[in-house]
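Heads up, the sequence shown stops at 589 in our numbering, and the numbers go up one at a time, no gaps. Some notes on the structure that comes next.
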Amino acid sequence: MSDHPVLHVKGRVLAGPDDVRDELWVVDGWISHDRPGGARDVRTVTGWALPGLVDAHCHVGLGAHGPVDADEAEKQALADREAGTLLIRDAGSPSDTRWVDDRDDLPKIIRAGRHIARTRRYIRGYAHEIEPDDLVAYVAQEARRGDGWVKLVGDWIDREVGDLAPSWPRDAAEAAIAEAHRLGARVTAHCFAENSLRDLVEAGIDCIEHATGLTEDLIPLFAERGVAIVPTLVNIATFPRLADGGESKFPRWSAHMRRLHERRYDTVRSAYDAGIPVFVGTDAGGTLPHGLVAAEVAELVTAGIPPLDALAATTWTARAWLGRPGLEEGAPADLVVYDTDPRTDVRVLADPRRVVVNGRVTA
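What follows is the structure, encoded as structure tokens:
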């Protein structure tokens, strides 16, 4: 045993939605459900413990105009940590954040490489902007750079159409997704509108971000294929403001964005009711601040997802989906402790009592 103090977490340890234990121990940064022999320097934390929260759509290293420097990226990661987010799926970033892996006080990041978008069809400075003939090569490149994910921009405004339109022909998407799968990576795509979804799902995509265009006729296809969605409702809340800003130049697009916003809760609830996996993501980075995970969980509840399932979407099921452990024996000790039971009131997530990263109490 090292010289680091042993951490004893007492009260209610929520190892699963129905797996409630009285205590756990942290020794040298690892979880144990048995009291270690010879433990002398013991620090005790009491409360309701959860696995470190998951933000499955986050952008560390991304600012409003593209990549940010390491100091700003560190502030972003620390804001997420203070909110209890200890596992991030970074859904596209132009910054190299591998240095975070060497820090034992910051959240763990699963990277999707850099966004891949159509030329002049996304936010400037964010993505590789390419044409369909190059899609397979760029997907292969980002699959090798990432941590098992690739991020496509599935639709964006087409100025000639004056509205949202698909970015990729069906055959190009199919070939690119097949190449990612061959290389062991899953593929997700930014999609606001309806008309890109069927092709992407039938092409074999694994996840859709935002999914505001999910309609009743598409829901059975998503459910059948097991395609997950990450709704990012705290981001969808900005649609009316975006629509107001584009009204004069793109009235058709603005009206479309307002319709997507108006039905957002019905869309998410219908997906959940059909058995489509729904996960928590904030879309932090770019224009949204970091540390919004509690607000996103609350939005899922507002949409009609039962509180326990909304909580699972940022804890147990989210970690299983991403292939990372929770509070199992021998897992890294990444956990958050609250004063009261978050299963009965998810608003508790906004006020963590203690945050533990790799066995160390950081907040």
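All residues carry an ideal CB built from backbone N, CA and C; glycine is no exception. In this text, all values refer to a predicted model and were calculated from it rather than measured experimentally.
Is it buried or exposed for residue i, if we count other Cβ within 10 angstroms and need 16 for buried?
| i | result |
| --- | --- |
| V268 | exposed |
| H482 | buried |
| G511 | buried |
| G517 | buried |
| D577 | exposed |
| T270 | exposed |
| W375 | buried |
| S393 | buried |
| P446 | exposed |
| E522 | buried |
| W590 | Outside the displayed span of the chain (227 to 589) sits residue 590, for which this structure offers no information. |
| T414 | buried |
| R550 | buried |
| E442 | exposed |
| G452 | exposed |
| E428 | exposed |
| S474 | exposed |
| D432 | buried |
| R370 | exposed |
Do you know how far the Cα of residue j is from the Cα of residue i?
| i | j | result |
| --- | --- | --- |
| G264 | W542 | 32 Å |
| P358 | G430 | 17 Å |
| M227 | D571 | Note that M227 scores a pLDDT of 44, beneath 50, so its modelled location is shaky and nothing firm can be said. |
| V252 | A559 | 7 Å |
| T465 | I403 | At residue 465 the sequence reads Phe, which differs from the Thr that was named. So the two alpha carbons sit approximately 29 Å from each other. |
| R585 | I335 | The amino acid at residue 585 is misidentified as Arg; the sequence shows Gly. If I take the Cα positions, the gap works out to 17 Å. |
| D295 | K301 | 10 Å |
| V562 | L279 | 8 Å |
| W382 | H354 | 14 Å |
| R424 | V286 | 30 Å |
| G472 | N461 | 17 Å |
| D316 | R412 | 13 Å |
| L312 | A589 | 12 Å |
| V456 | L409 | 23 Å |
| R478 | R484 | 10 Å |
| A469 | K236 | 49 Å |
| I356 | R467 | 29 Å |
| G372 | L378 | 13 Å |
| E249 | E554 | 12 Å |
| L240 | A546 | 15 Å |
| D565 | D297 | 32 Å |
| H291 | R350 | 7 Å |
| G380 | S258 | 43 Å |
| S319 | L288 | 6 Å |
| A391 | E525 | 27 Å |
| T540 | T458 | 12 Å |
With distances taken from CA atoms, which of the options is nearest residue i?
| i | options | result |
| --- | --- | --- |
| A343 | E420, G310, Y352 | Y352 |
| T528 | V494, T588, L276, H285 | V494 |
| R385 | W375, G374, T345 | T345 |
| P293 | R340, E308, G552 | R340 |
| G556 | E435, G255, R485, T311 | G255 |
| L548 | P395, A338, P243 | A338 |
| D535 | P243, G410, P231 | P243 |
| R488 | D470, A497, A463 | Correcting the residue identity first, residue 488 is Glu in this sequence and not Arg. Nearest option by C-alpha distance: A463. |
| G232 | Y498, D260, D245 | In the sequence as presented, Gly is not what sits at residue 232; that position holds Val. Looking at the Cα atoms, D260 is the closest of the given residues. |
| V506 | I356, V235, L444, H436 | H436 |
| C417 | Y348, H407, R370, E368 | Y348 |
| D492 | D328, L440, Y564 | L440 |
| H234 | E420, R266, V246 | R266 |
| N421 | G552, L486, P515 | L486 |
Quick one: what's got a C-beta closer than 7 Å to residue i's C-beta in the same chain, skipping five residues either side?
| i | result |
| --- | --- |
| P568 | W274, L276, L537, V574, L575 |
| A449 | A500, G501, I502 |
| A309 | G517, V519, A520 |
| P617 | The requested residue 617 is not part of the displayed model; the chain covers only 227 to 589. |
| A544 | V280, A282, F505, V506 |
Within its chain, find whatever has a CB closer than 6 Å to the CB of residue i; leave out the 5 residues flanking it on each side and keep chain order.
| i | result |
| --- | --- |
| V587 | R580 |
| E405 | V362, V365, A366 |
| F476 | G388 |
| I314 | D281, C284, P333, I335 |
| T513 | A290 |
Which same chain residues end up closer than 8 Å to residue i when comparing Cβ atoms and leaving out the 5 residues on each side of it in sequence?
| i | result |
| --- | --- |
| V246 | R238, V239, L240 |
| S496 | L440, E442, I445 |
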